[in-house]
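Note sheet for the following structure.
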């Protein structure tokens, strides 16, 4: 596992390189770029190791969750590189003594808080209309309707909000697809935050039946896009 300090130093160096490059290119004087922008990807061991996991086992449930780099996807023409694999087992039973006291049967992961020596790295999605996630939902197709995306934002007054929407998975053949989430977390009817929002992406799964259910959801990347929604 990557230590916290080594990750902080790595992000700090990355932030310095990007900031220096923006100054040299005078990016602030150019028109805003509304093209696709990559927010996060799970194509390296470091990125997969930094995923933050959680499930009902944290409060007394019996589900399990894991996130690892899947190198087998590097040979797939649609991906051609390693991807993250979110998998585990969902269970509705709980530890003795907790029956009827807690809700179980859920698991999730999120991107890490990208801390540096100068603060947290955030992404400004002011000029984008959609959040695109490249995913592949494996396992029982019934579970494909049980995935959700949580997006955390922070405005210029440091007010934190969390927005949730069902992940619109369409394919039933366990193949890769791009799921588009409308930028509902930046409503057009309100003033958009001037500071950079910080998307904290997570996927949750929750079955509505008893027993033990395995799940598996390979994840490639998350990016922002502008314009009309394309084919899904």
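In our numbering, the protein residues as written are 132 to 363. All C-beta atoms, glycine included, are put in the ideal place defined by N, C-alpha and C.
Give the secondary structure of residue i by DSSP, where H, G and I count as helix, E and B as strand, and everything else as coil.
{"i": "residue 149", "result": "helix"}
{"i": "residue 197", "result": "strand"}
{"i": "residue 99", "result": "Residue 99 is absent from the model: the chain starts at 132 and stops at 363."}
{"i": "residue 292", "result": "strand"}
{"i": "residue 135", "result": "helix"}
{"i": "residue 212", "result": "coil"}
{"i": "residue 206", "result": "helix"}
{"i": "residue 218", "result": "strand"}
{"i": "residue 302", "result": "coil"}
{"i": "residue 142", "result": "helix"}
{"i": "residue 276", "result": "helix"}
Assuming residue i is part of the alpha helix (DSSP H), what are its boundary residues?
{"i": "residue 245", "result": "Unbroken run through residue 245: none, as it is neither H nor E."}
{"i": "residue 188", "result": "No alpha helix (DSSP H) holds residue 188; DSSP gives it neither H nor E."}
{"i": "residue 180", "result": "176-180"}
Apart from the five residues just before and just after residue i, which ones in its own chain have a Cβ nearer than 7 Å to its Cβ?
{"i": "residue 302", "result": "308"}
{"i": "residue 225", "result": "191, 192, 193, 233 and 235"}
{"i": "residue 139", "result": "246, 247 and 248"}
{"i": "residue 229", "result": "191"}
Using a Cβ-Cβ cutoff of less than 8 Å, which residues in the same chain neighbour residue i once the five nearest sequence positions on both sides are dropped?
{"i": "residue 194", "result": "186, 187, 188, 219, 220, 221, 222, 235, 236, 237 and 238"}
{"i": "residue 340", "result": "With a pLDDT of only 37 at residue 340, under the threshold of 50, the placement of this residue in the model should not be trusted; the figure read from the coordinates follows. Only 223 meet the Cβ criterion."}
{"i": "residue 201", "result": "213, 214, 215, 216 and 349"}
{"i": "residue 143", "result": "247, 248 and 249"}
{"i": "residue 146", "result": "247, 249 and 252"}
Compute the distance between the beta-carbons of residue i and residue j, then report whether it is under 7 Å.
{"i": "residue 174", "j": "residue 148", "result": "no"}
{"i": "residue 297", "j": "residue 279", "result": "yes"}
{"i": "residue 199", "j": "residue 179", "result": "yes"}
{"i": "residue 291", "j": "residue 282", "result": "no"}
{"i": "residue 380", "j": "residue 169", "result": "For residue 380 there is no data in the structure shown, the boundaries of the chain being 132 and 363."}
{"i": "residue 171", "j": "residue 242", "result": "yes"}
{"i": "residue 141", "j": "residue 258", "result": "no"}
Going by beta carbon distance, what residues of the same chain come within less than 6 Å of residue i, once the five residues before and after it are set aside?
{"i": "residue 135", "result": "none"}
{"i": "residue 299", "result": "310"}
{"i": "residue 305", "result": "269"}
{"i": "residue 342", "result": "Any reading at residue 342 is ruled out, since the residue's pLDDT is 44, under 50, leaving its predicted position unreliable."}
{"i": "residue 272", "result": "303"}
Which residues bound the beta strand (DSSP E) around residue i?
{"i": "residue 172", "result": "168-172"}
{"i": "residue 241", "result": "238-241"}
{"i": "residue 281", "result": "279-285"}
{"i": "residue 226", "result": "Looking at the DSSP string, residue 226 is not in any beta strand (DSSP E), and its letter there is neither H nor E."}
{"i": "residue 312", "result": "308-313"}
Would you be able to state if there are at least three C-beta pairs under 8 Å between the segment 238-256 and the segment 203-211? no
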